[in-house]
Amino acid sequence: MTDSKPTLGVGMVGYAFMGKAHSQAWRTVNSAFDVPFTVDMAAIVGRNEENVKAAANKFGWKSYETDWHRVIDRDDIGLVDVCSPGGNHAEVAIAALQAGKHVLCEKPLANTVDEARAMVEAAEAAAQNGVRAMVGFNYRRVPAATFARQLVAEGKLGTIRHIRAVYLQDWITDPDFPLVWRLQKDQAGSGALGDIGSHIVDLTQFITGQSVTGVSALLETFIKERPLVASTEGLRGTGSEEHGQVTVDDAALFTARLSGGAIATYEATRFATGRKNGLRLEINGEKGSLAFDLERLNELELYLAEEDSRIQGFRRLLITENEHPYVGAWWPAGHIIGWEHTFTHEAYDLLTAIGDNTDPSPTFAEGLQVQLVLDAVERSAANSSGWVTVDK
Ligand code: SOE
1 MTDSKPTLGV
11 GMVGYAFMGK
21 AHSQAWRTVN
31 SAFDVPFTVD
41 MAAIVGRNEE
51 NVKAAANKFG
61 WKSYETDWHR
71 VIDRDDIGLV
81 DVCSPGGNHA
91 EVAIAALQAG
101 KHVLCEKPLA
111 NTVDEARAMV
121 EAAEAAAQNG
131 VRAMVGFNYR
141 RVPAATFARQ
151 LVAEGKLGTI
161 RHIRAVYLQD
171 WITDPDFPLV
181 WRLQKDQAGS
191 GALGDIGSHI
201 VDLTQFITGQ
211 SVTGVSALLE
221 TFIKERPLVA
231 STEGLRGTGS
241 EEHGQVTVDD
251 AALFTARLSG
261 GAIATYEATR
271 FATGRKNGLR
281 LEINGEKGSL
291 AFDLERLNEL
301 ELYLAEEDSR
311 IQGFRRLLIT
321 ENEHPYVGAW
331 WPAGHIIGWE
341 HTFTHEAYDL
351 LTAIGDNTDP
361 SPTFAEGLQV
371 QLVLDAVERS
381 AANSSGWVTV
391 DK
């Protein structure tokens, strides 16, 4: 069947865990959503030829490259999806934007504030020519999270007082777990702080419409040395005999003030034994509260203070109605969706923004703002938890 939509060739840099998740999104976005382009999964990039070739076949890419510069040079590629470790986000994204290619960049935007500022500059220059850039904070695209934002914006909770956010994982509790790239500062920027703390900073700011203005923080690295990597697959890995230094935090804890007067606590750790991917939030306002747990992502808990006290309590809303954000594209009411759908929603929002010639959210400027919060957390922790105002 012929399709009158223009084709948009995608080149994706990286083929590991996030590469797999993003591949799934590019494969499904056209069948689930009405987007202004037909996605062509043109090329996947990785340095190891044998592995990237296998990934191309497995994930449905038409070709593979072993040098990311090739996707910048290729005319059949109009969008570059950066799924590689943070250490080369800035270089790849800036080159792509300067070559007139739209960019989707995994979170956190960069490893440093300086890199993030350079990326914002490149994105703003490219936007003059209709070229768009977005950061991959995928949890905004959980239907329950988008719906929570709508409820807050409608005033259902009134003035927001408290935000409590945790992101709990346990995949590196074993001291023999190897020194993968996520545990190396030059590749990841920071540890639990940037990898998963950035998600809860972005998500709470997105839901409440407030931004973090200052923090007092603690960072800890429990295991300071680990075996060097022998092999990895997804988040798993095996170690060798040799050891190296862990150069990032294992856990981050901070209190914060937000622009609308709310106060918050944030905790991000990979040492919460038994917690696999526990992103949980509770937001308390003068008129009600919301609670969300990623491990039950089709649900949202809502408490409304104005309700009859005899039947009051947290209600468990099932966010699977056609009227809920994104959900109508998938299955009939009550037919739940999963973690991977958030990446399809991300692709949908980006393609829609490109088609409408508008900025997709989160923009690189929003990614920089999260980076500034991470930077403030690191400065506060280095200064015995002293209060640090987030830079502009
Ligand atoms: C590992 O901690 C990780 O894969 C993060 O990098 C992702 O952003 C998060 O969604 C799941 O956990």
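Residues in the sequence shown are numbered consecutively from 1, following full-length UniProt numbering.
The beta-carbon is built from N, C-alpha and C at its ideal position, and this holds for glycine as well.
Any non-hydrogen atom of the ligand SOE closer than 7 Å to residue i Cβ
| i | result |
| --- | --- |
| residue 89 | no |
| residue 235 | yes |
| residue 195 | yes |
| residue 169 | yes |
| residue 57 | no |
| residue 277 | yes |
| residue 397 | Given that the chain is displayed from residue 1 to residue 392, the structure contains no residue 397 and the question cannot be resolved. |
| residue 37 | no |
| residue 107 | yes |
| residue 17 | yes |
Whether residue i touches residue j by CB criterion (8 Å)
| i | j | result |
| --- | --- | --- |
| residue 97 | residue 131 | yes |
| residue 77 | residue 11 | yes |
| residue 168 | residue 285 | no |
| residue 179 | residue 227 | yes |
| residue 270 | residue 170 | yes |
| residue 202 | residue 137 | yes |
| residue 283 | residue 207 | yes |
| residue 148 | residue 290 | yes |
| residue 198 | residue 368 | no |
| residue 183 | residue 246 | yes |
| residue 18 | residue 83 | yes |
| residue 225 | residue 244 | yes |
| residue 153 | residue 209 | yes |
| residue 294 | residue 277 | yes |
| residue 262 | residue 162 | yes |
Chain-order list of residues whose beta-carbon lies under 7 Å from that of residue i (same chain, five-residue window excluded)
| i | result |
| --- | --- |
| residue 320 | 298, 327, 333, 334, 335, 336 |
| residue 20 | 59 |
| residue 377 | 193, 215, 217, 252, 254 |
| residue 360 | 132, 134, 349, 350, 353 |
| residue 397 | Examination of residue 397 is not possible in this model, given that the chain is present from 1 through 392 alone. |
| residue 325 | 143, 146, 147 |
| residue 195 | 182, 188 |
Other residues of its chain near residue i: CB distance less than 6 Å, five sequence neighbours each side excluded
| i | result |
| --- | --- |
| residue 141 | 342, 345, 346 |
| residue 211 | 205, 259 |
| residue 219 | 249, 252, 381 |
| residue 56 | 44, 64 |
| residue 172 | 270 |
| residue 49 | 66 |
| residue 165 | 200, 204, 266, 281 |
| residue 287 | 157, 158, 305 |
| residue 315 | 302 |
| residue 189 | 86, 111 |
| residue 256 | 212, 215, 264 |
| residue 397 | Not covered by the structure: residue 397. The range shown for the chain is 1 to 392. |
| residue 9 | 40, 42, 76, 77, 78 |
| residue 23 | 59 |
In DSSP terms, what residue i is bridged to
| i | result |
| --- | --- |
| residue 84 | Answer is none; residue 84 lacks a bridge partner. |
| residue 63 | 43 |
| residue 97 | According to DSSP, which records beta bridges pairwise, residue 97 is partnered with nothing at all. |
| residue 133 | 103 |
| residue 10 | 41, 79 |
| residue 293 | 280 |
| residue 388 | 215 |
Cutoff 8 Å; reference residue i; Cβ partners in own chain excluding five residues on either side
| i | result |
| --- | --- |
| residue 69 | 95 |
| residue 127 | 133, 359 |
| residue 32 | 329, 330, 344, 348 |
| residue 38 | 3, 5, 6, 7, 8, 30 |
Proximity test, Cβ basis, 8 Å: residue i and chain D
| i | result |
| --- | --- |
| residue 56 | Among the protein chains of the structure shown there is no chain D, as only one such chain exists. |
Note down, one range per segment and in chain order, each beta strand (DSSP E) of at least 3 residues found wholly within the stretch 297-329. DSSP runs (the beta strand (DSSP E)) wholly in the stretch 297-329: 299-304, 315-318.
Practice problem: For the UniProt domain "GFO/IDH/MocA-like oxidoreductase" (148-290), list the alpha helix (DSSP H) runs that are entirely contained and at least 4 residues long, ordered along the chain. | Solution: Here the runs fully enclosed are 185-188, 198-208.
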